[in-house]
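Chains as they are written, first to last, in the numbering used here: chain A, 36 to 199; chain B, 5 to 478. Using N, Cα and C, we set each Cβ at its ideal position, and we do this for glycine too.
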Amino acid sequence: MTPEVLIIGYGNPLRGDDGAGWRAVERLREGTRDGEFGLVAVRQLTPELAEAVSRASLVLFLDAREGGTPGKVWCERVNPRQSPPGAFSHHAGPAALLAAAAAWYGRAPAGMVLSVSGESFAFREGLSLPVEAALAELVERTRNIAGKALSRRSAPCHKIKRSE
Amino acid sequence: MARQRIVIDPVTRIEGHSKITLHLDEEGRVQEAYFHVTQFRGFEKFCEGRPFYEMPSLMARICGICPVSHLIASAKACDAILAVRIPEPAAKLRRILNLAQIVQSHALSFFYLSSPDLLLGMDADPATRNIFGVMQSHPELARDGVRLRQFGQQIIEWLGGKRIHPAWVVPGGVNERLSVERRDQILATIPGALAIAQRTLDWFKNTMEQFREEIRTFANFPSLFLGLVNRRGGLEHYDGNLRFLDSTGKIVADQVNPDTYADAIAEFVNPWSYLKTTYYKPLGYPDGIYRVGPLARLNLINGCGTERADQEWAEFRQLERGAVLSSFYFHYARLIEILYGIEKMEQLLNDPEILSSHVRAFARPNNREGIGVAEAPRGTLIHHYKVDEQGLVTWANLVIATGHNNSAMNRGVLQVARHFVHGHQLSEGMLNRVEAVIRAFDPCLSCSTHAAGVPALEIELRAADGTLLDQVRR
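Written as structure tokens, this is what we have:
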């Protein structure tokens with residue numbers, strides 16, 4: 036059974052700061068009770084995640100982003116939206132995954148993207164200093180949002196009629 | 005009018021990066037066509053100097069779609085270097101992993117990459133001719149595709165520890181036995197997967213009639229076929245020997261020991277592609293051109309060995325008196341193999357021996373050379389290594405399914421281009437059919453060249469003197 040709040044960290048830990056989402060999930064695992072949140076770390080968002088996404092009330096996507104001051108943490112709502120042509124054969128964005136959950140399983144949860152501006156996405160393991168320093172904030176904000184959603188037990192959700 | 009050239013660069017919805025050039029004559033008719041693989045990786049070279057026991061994990065990194073195939077062929081080559089016969093339960097567990105890989109890869113090819121052409125039409129707007137379009141128009145089928153891929157990936161994760169690049173297969177066997185709980189967990193998912201496979205096959209068979217023109221023109225020509233068969237000539241993906249079949253259905257060579265592959269298969273490189281080309285040596289080039297993969301396998305076997313797949317195979321064989329020649333039927337064969345893979349996994353999991361704890365043989369290197377052959381989703385995969393006295397790799401040769409199919413793909417592009425591409429008017433549907441013939445083979449260029457980039461489509465129309473006459477991008 037998928038917990039009500041699903042946290043998906045994604046990125047490539049072999050491409051420097053691109054692994055920030057992955058690392059944030061590892062940190063969250065350390066301080067999370069079993070079953071409190073759903074925690075998933077993946078290199079890419081793929082269509083296979085849509086079913087688990089559709090069962091959650093809130094999905095938090097943890098990612099790195101280009102642009103902005105390295106280490107700055109961003110928090111944005113995301114709504115279901117189709118990707119541009121050619122996308123989704125191997126990977127998808129958060130909006131596309133929410134759209135897939137709606138189209139295939141009749142239900143798209145609320146979604147938020149928490150991201151941190153990266154400094155370097157070169158081939159290397161480990162995060163840059165500013166992103167490493169920002170990881171605590173990313174984890175804390177994620178935990179706060181997830182905790183509030185659980186305490187409300189009624190996170191907003193886009194209910195969509197399943198087409199036959 | 006001057007001779008012209010059309011370039012499709014890169015080809016989309018395939019694994020890897022490539023382009024197609026079409027050369028037109030003075031009247032605008034297609035005269036020549038080339039499928040160029042534009043990426044280069046070179047795994048054969050940079051593994052030199054590595055200890056042989058690292059090879060399975062290293063070679064699995066060739067591909068993110070079919071790492072299991074490389075893992076298995078590589079481990080088999082290492083078994084040969086150790087000179088061990090691995091325990092039977094280990095061979096059965098490797099078989100299950102390989103079949104799970106074939107199911108998930110075939111599901112990716114059929115549902116994610118090719119179903120947009122089949123469901124939305126070759127002439128549909130490219131803005132919607134993708135899995136998203138399928139998601140909107142046929143959510144049930146898209147959902148089935150996702151579930152089937154998930155099924156295969158989940159089994160890989162349960163057995164190998166992770167979905168991509170599992171390390172469970174090692175020289176000498178596998179590194180952990182299968183538990184009762186895990187076996188039961190996998191068995192519980194079989195009925196759902198079987199239902200999806202059967203439903204999709206039934207739908208596809210009813211739909212094929214709409215694609216008469218594609219069936220007639222998609223790489224539909226006589227060629228040889230190559231694949232592994234078991235001792236009874238049945239479908240084989242893990243072990244067995246090689247069989248070559250001609251277009252009339254006559255066996256040309258049978259039970260060829262894979263260790264002697266170099267006597268049967270010649271390799272060469274064209275100056276316009278990084279992808280190696282192969283042919284059947286005794287017939288020379290181009291008479292020895294052959295195809296591998298699901299279409300070849302179903303053409304050359306005497307039967308599948310599972311109930312439902314055998315029924316479907318019998319129906320498939322009714323398509324032609326000799327071998328089934330149209331490469332459009334790769335899709336059909338892929339679906340039958342999905343069905344077979346699920347049934348066969350169930351058979352293997354219900355064998356009590358599958359729970360044995362005897363899953364690995366240990367030895368020091370006893371041979372300086374090892375060859376491992378298995379059937380990958382896309383066809384016969386050969387790993388061949390030589391090592392020094394310390395067991396360090398001194399030489400490696402990989403013969404990949406997509407390389408075996410290279411000549412047939414080129415010939416297929418020429419055939420479909422001659423039929424659908426006419427002169428100076430470049431239409432989307434026309435060019436998509438040229439791409440779709442390549443897609444039917446499901447080539448994996450990351451595997452076969454041993455890249456990074458953003459897929460896009462670029463078509464250039466050039467005069468004989470190189471002048472750019474027209475250009476389309478998407």
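Checklist entry - To which residues of the same chain is Leu-133(A) closer than 8 Å at the C-beta, ignoring the five residues directly before and after it? => result Val-88, Val-94, Val-113, Asn-114, Pro-115, Arg-116, Ala-143, Pro-144, Gly-146, His-193
Next on the checklist: Taking 6 Å as the limit between beta carbons, can you name the residues of its chain near Leu-198(B), skipping five residues before and five after?
Outcome noted: Contacts found: Ile-346.
Checklist entry - According to DSSP, which residues form a beta bridge with Pro-55(B)? => result Partner(s): Leu-396(B).
Checklist entry - How would you label Lys-166(B), buried or exposed, when you count the other beta carbons within 10 angstroms and need 16 or more for buried? => result exposed
Checklist entry - Taking Cβ positions only, does Phe-136(B) come closer than 9 Å to chain A? => result True, the Cβ-Cβ gap to chain A drops below 9 Å.
Checklist entry - What residues from chain A crowd round Gln-322(B), counting only those whose CB sits closer than 7 Å? => result What Gln-322(B) touches in chain A: nothing, since even the nearest Cβ is about 33 Å away.
Checklist entry - Are the CB atoms of Ile-340(B) and Glu-316(B) nearer to each other than 9 Å? => result yes
Next on the checklist: Which same chain residues end up closer than 6 Å to Gly-433(B) when comparing Cβ atoms and leaving out the 5 residues on each side of it in sequence?
Outcome noted: Met-126, Asp-127
Checklist entry - Roughly how many whole angstroms lie between the Cα atoms of Val-184(B) and Asp-355(B)? => result 12 Å
Checklist entry - Where Ala-456(B) and Gln-322(B) are concerned, what is the direct C-alpha to C-alpha distance, given to the nearest angstrom? => result Confidence at Ala-456(B) is low in this model, with a pLDDT of 30, below 50, so the placement of that residue should be treated as unreliable; the coordinate-derived value is given next. In a straight line, the C-alpha of Ala-456(B) is about 42 Å away from that of Gln-322(B).
Checklist entry - Residues in its own chain within less than 7 Å of Ser-141(B) by CB, not counting five upstream and five downstream? => result Leu-123, Leu-124
Checklist entry - Quick one: is Arg-203(B) near chain A, going by C-beta distance under 9 Å? => result no
Checklist entry - In chain B, which residues lie less than 8 Å from Glu-83(A) when you measure between Cβ atoms? => result Val-150, Arg-153, Gln-154, Gln-157
Next on the checklist: Rounded to the nearest angstrom, what separates Leu-80(A) and Gly-56(A) at their Cα positions?
Outcome noted: 12 Å
Next on the checklist: Could you check whether Leu-232(B) and Arg-338(B) sit closer than 9 Å to each other, using their CB atoms as the reference points?
Outcome noted: No, these two residues do not count as a Cβ contact at 9 Å.
Next on the checklist: Pull the bridge partners of Tyr-284(B) from the DSSP assignment, please.
Outcome noted: Ile-269(B)
Item to check | Exposed unless 16 or more other CB atoms sit within 10 angstroms - verdict on Phe-158(A) | outcome: Label assigned to Phe-158(A): exposed.
Item to check | Supposed close pair Gly-73(A), Val-108(A) - CB separation, criterion 8 Å | outcome: So it is not a contact: roughly 21 Å between Cβ atoms.
Checklist entry - Are Gly-156(B) and Ile-76(B) close, meaning C-beta to C-beta below 9 Å? => result Contact check for Gly-156(B) against Ile-76(B) fails: the beta carbons are separated by 9 Å or more.
Next on the checklist: Out of Gly-244(B), Ile-293(B), Ala-104(B), which one is the CA nearest neighbour of Ser-411(B)?
Outcome noted: That would be Ile-293(B), whose Cα lies nearest to the Cα of Ser-411(B).
Item to check | Burial state of Cys-67(B), where buried means 16 or more other Cβ atoms lie within 10 Å | outcome: buried
Item to check | chain A residues whose Cβ lies nearer than 9 Å to that of Ala-146(B) | outcome: For the C-beta of Ala-146(B), the chain A residues within less than 9 Å are, from N- to C-terminus, Pro-82, Ala-135, Ala-138, Trp-139.
Item to check | Interface partners of Gln-140(B) on chain A, CB under 7 Å | outcome: Ala-138
Item to check | Proximity below 9 Å, CB of Gly-374(B) to CB of Ile-85(B) | outcome: Between Gly-374(B) and Ile-85(B), the C-beta gap is smaller than 9 Å, which places the two residues in contact.
Item to check | Cα-Cα separation between Pro-105(A) and Gly-153(A), rounded to whole angstroms | outcome: 5 Å
Item to check | Short CB-CB distance (under 9 Å) between Arg-100(A) and chain B | outcome: no
Checklist entry - For Leu-249(B), which beta-bridge partners are listed by DSSP? => result Phe-229(B), Ile-255(B)
Item to check | Short Cβ contact (9 Å threshold) for Leu-343(B) with Arg-382(B) | outcome: no
Checklist entry - How is the beta strand (DSSP E) around His-27(B) delimited, first residue to last? => result 22-28
Next on the checklist: So the candidates are Val-151(A), Phe-96(A), Gly-66(A), Thr-67(A); which of them puts its Cα closest to the Cα of Ala-127(A)?
Outcome noted: Phe-96(A)
Checklist entry - What are the uninterrupted segments assigned as beta strand (DSSP E) that are 3 or more residues long and contained completely in the stretch 94-157 of chain B, given in chain order? => result none
Next on the checklist: I need the boundaries of the alpha helix (DSSP H) containing His-335(B), first residue and last residue.
Outcome noted: Run containing His-335(B): 334-353, per the alpha helix (DSSP H) assignment.
Next on the checklist: What would DSSP say about Ser-360(B), mapped onto helix, strand or coil?
Outcome noted: Coil.
Item to check | Residue-chain proximity (Arg-78(A), chain B), Cβ-Cβ < 9 Å | outcome: yes
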